[in-house]
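What follows is a set of notes on a single structure, which appears directly below.
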Amino acid sequence: MALFLDILLITTSLLLILLVLLHRGKGGGLSTLFGGGVQSSLSGSSVAEKNLDRLTVFTGIVWLIAILGIGLQIKFS
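In this note's numbering, the protein residues as written are 1131 to 1207.
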């Protein structure tokens, strides 16, 4: 179980770094490299941006669960 949590933590950490870098900031961000900057300013967020937000939140929740699992494992082992 410890190995699984360690691998999960490393994987989600790297994925979170990538997902945060893909978000559009004030200057467009890296998401414009992959077609995120094509939307008009009147339409709000694009579907791709909303899905990126959802994926980032889901990955963050999995990361948090992995952190809590490792902490509980250290405490009770």
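Glycine is no exception: its CB is placed at the ideal position from the N, C-alpha and C atoms.
Residues near residue i in its chain [Cβ-Cβ closer than 6 angstroms; skip 5 each side]
| i | result |
| --- | --- |
| T1186 | L1149 |
Any non-hydrogen atom of the ligand ATP closer than 7 angstroms to residue i Cβ
| i | result |
| --- | --- |
| L1145 | Inclusion of the ligand ATP in the displayed structure is not the case, the ligand content being empty and no account of it being possible. |
Run of the alpha helix (DSSP H) containing residue i, from where it starts to where it stops
| i | result |
| --- | --- |
| S1176 | Run containing S1176: none; DSSP gives neither H nor E here. |
DSSP-derived helix/strand/coil call for residue i
| i | result |
| --- | --- |
| S1143 | helix |
| R1154 | coil |
Between the CA atoms of residue j and residue i - distance to the nearest angstrom
| i | j | result |
| --- | --- | --- |
| G1190 | S1207 | 26 angstroms |
| L1202 | T1142 | 18 angstroms |
| W1193 | K1205 | 18 angstroms |
| I1137 | L1144 | 11 angstroms |
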